[in-house]
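Working notes, beginning with the structure itself.
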Amino acid sequence: MELIILGCHSATPRENHHTTSQILLFKKHYFMIDCGEGTQIQLRKAKINFSRINHIFISHLHGDHFYGLIGLISSFRLLGRKKSLHIFGPKGIKKIIISQLKASSSWTNYPLIFSELSSLKSEILYEDEIVSVKTIPLNHRIYTNGFLFKSNGKEEKSYAFCSDTMYDENIIELIKYTDLLYHDSTFLDVDKDLAKKTKHSTTIQAATIAQKARVKKLVLGHYSSRYNKKMKFLEEAKSVFSDSYLSEDLKRFLF
Ligand SMILES: [Zn+2]
Ligand SMILES: [Zn+2]
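Taking the numbering used here, the leading residue of the sequence shown gets 7, the next gets one more, and so forth.
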């Protein structure tokens, strides 16, 4: 599996700071996870062919996780897409996208298939002979899911995306022994009260989840713009869980 970080910053997009979006590459699949503003530009920079993307998983309806979606859907049409596009996301996402398309009197020339989510329990979203995808119910200000990708077959690989969320030990069982965990680490430890108030996590909390779930590697992200340097995030996380890594826009993790 290869994880390509397109954006890993919270709240507002800034120069060289893109909001959440990732591609998980596994065999023939290019799974997109979240689609913040500017995702299309980041796809171009990462040299990812748009037509390879057939499944998009949206964690929640905060703007920094899906405001790029309507633009991407429109570009697919301009690029002459014919294949279906599957979008998995919280209940309400279909209405938002369809009303935007209707307001501009545009439509897609390819099937747009929505799977709207509302369950508070983990559920399987996708399964084929090589991979399965299930939700990880998260604890955030609005209805939010993380996603767990697991290979089927001999060579077992797994990836867990958990953002945005506050510290929640309920996810540990689901993500146990995962090869790579991306976990909300919006704040440094000094701002843990703010993390609690906004239902996000700190570096220490992300690392504690990684340690308790015995994952192989932790990737930090969803950084708040209040901090200038990222090294402190890494130092704090490593004090709890040594196999911690910083995400950066356009960084790739092979595992
Ligand atoms: Zn966010
Ligand atoms: Zn959020």
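Where is the CB? At the ideal position from N, CA and C, for every residue including glycine. Every value quoted in this text rests on a predicted model; they were computed, and no experiment measured them.
Since residue i sits in a beta bridge, which residues does DSSP pair it with?
{"i": "Phe56", "result": "BP columns for Phe56 are empty, so no partner."}
{"i": "Asn3", "result": "Absent from the structure is residue 3, since the part of the chain shown begins at 7 and ends at 261."}
{"i": "Cys168", "result": "His189"}
{"i": "Glu122", "result": "Gly95"}
{"i": "Gln28", "result": "Ile11 and Ile39"}
{"i": "Lys223", "result": "Leu186"}
{"i": "Val137", "result": "Ser157"}
{"i": "Leu252", "result": "Leu226"}
{"i": "Val130", "result": "At residue 130 the sequence reads Ile, which differs from the Val that was named. Per DSSP, Lys140."}
Keeping to the same chain, check which residues put their C-beta closer than 6 Å to that of residue i; ignore five residues upstream and five downstream.
{"i": "Arg87", "result": "Tyr116"}
{"i": "Phe72", "result": "Cys41 and Ile64"}
{"i": "Tyr173", "result": "Ser207 and Gln211"}
{"i": "Asp185", "result": "Lys163, Ser164, Lys222 and Phe261"}
{"i": "Ser57", "result": "none"}
{"i": "Asp190", "result": "Ser169, Asp170, Thr171, His206, Ser207 and His228"}
{"i": "Phe37", "result": "Leu30 and His61"}
Excluding the 5 residues flanking residue i on each side, which residues of the same chain have their C-beta closer than 7 Å to its C-beta?
{"i": "Leu194", "result": "Thr208, Thr209, Tyr233, Lys238, Phe239 and Glu242"}
{"i": "Lys101", "result": "none"}
{"i": "Thr150", "result": "Ser65, His66, Leu144, Asp170 and Thr171"}
{"i": "Thr192", "result": "Ser16, Ala201, His206, Ser207, His228, Tyr229 and Ser230"}
{"i": "Glu43", "result": "Pro19, Thr25, Tyr73 and Gly74"}
{"i": "Lys257", "result": "Ile11"}
Closest to residue i by C-alpha separation, out of the options, would be which residue?
{"i": "Lys94", "options": "His66, Lys33, Tyr173 and Gly74", "result": "First, the residue type needs correcting, since residue 94 is Phe and not Lys in the sequence shown. Ranking the options by Cα distance to Phe94, first place goes to His66."}
{"i": "Tyr132", "options": "Gly152, His61 and Ile104", "result": "His61"}
{"i": "Ser138", "options": "Phe32, Thr26 and Gly74", "result": "Phe32"}
{"i": "Leu118", "options": "Lys34, Phe155, Lys89 and Lys244", "result": "Lys89"}
{"i": "Ile181", "options": "Leu226, His15, Phe155 and Lys108", "result": "Phe155"}
{"i": "Ser112", "options": "Ile136, Ser57, Glu122 and Ile76", "result": "Ile76"}
{"i": "Thr26", "options": "Cys14, Pro19 and Arg20", "result": "Cys14"}
{"i": "Asp70", "options": "Gln217, Asp185, Gln28 and Val246", "result": "Gln28"}
{"i": "Ser121", "options": "Asp134, Lys97, Arg20 and Lys140", "result": "Lys97"}
{"i": "His228", "options": "Val221, Leu9, His24 and Met7", "result": "His24"}
{"i": "Gln46", "options": "Val221, Thr114, Gly152 and Leu85", "result": "Leu85"}
{"i": "Glu21", "options": "Ser157, Lys236, Val246 and Ser231", "result": "Ser231"}
{"i": "Lys218", "options": "Lys236, Lys198 and Phe247", "result": "Phe247"}
{"i": "Cys168", "options": "Lys203, Ala213, Asp134 and Leu91", "result": "Ala213"}
{"i": "Asp134", "options": "Ser191, Glu43, Lys34 and Gly44", "result": "Lys34"}
{"i": "Lys235", "options": "Leu252, Lys244, Ser157 and Ser245", "result": "Leu252"}
For residue i, verify whether its CB is less than 8 Å away from any heavy atom of ligand 1.
{"i": "Ser16", "result": "yes"}
{"i": "His228", "result": "yes"}
{"i": "Thr26", "result": "yes"}
Going by the C-beta, is residue i closer than 8 Å to any heavy atom of ligand 2?
{"i": "His189", "result": "no"}
{"i": "Arg232", "result": "no"}
{"i": "Ile148", "result": "yes"}
{"i": "His66", "result": "yes"}
{"i": "Asp170", "result": "yes"}
Got a sec: does ligand 4 put a non-hydrogen atom nearer than 8 Å to the Cβ of residue i?
{"i": "Asp70", "result": "This structure simply doesn't include ligand 4; it includes ligand 1 and ligand 2 instead."}
Go through its chain and collect everything with a Cβ distance to residue i's Cβ below 8 Å, but skip five positions before and after it.
{"i": "Lys205", "result": "Asn145, His146, Arg147, Asp170, Thr171 and Met172"}
Meets three-Cβ-pair contact criterion under 8 Å: the segment 47-58 and the segment 128-138: no
Just checking, does the segment 68-87 make contact with the segment 151-161 on the three C-beta pairs under 8 Å criterion? no
Are the segment 131-148 and the segment 162-181 touching, with three or more C-beta to C-beta distances below 8 Å? yes
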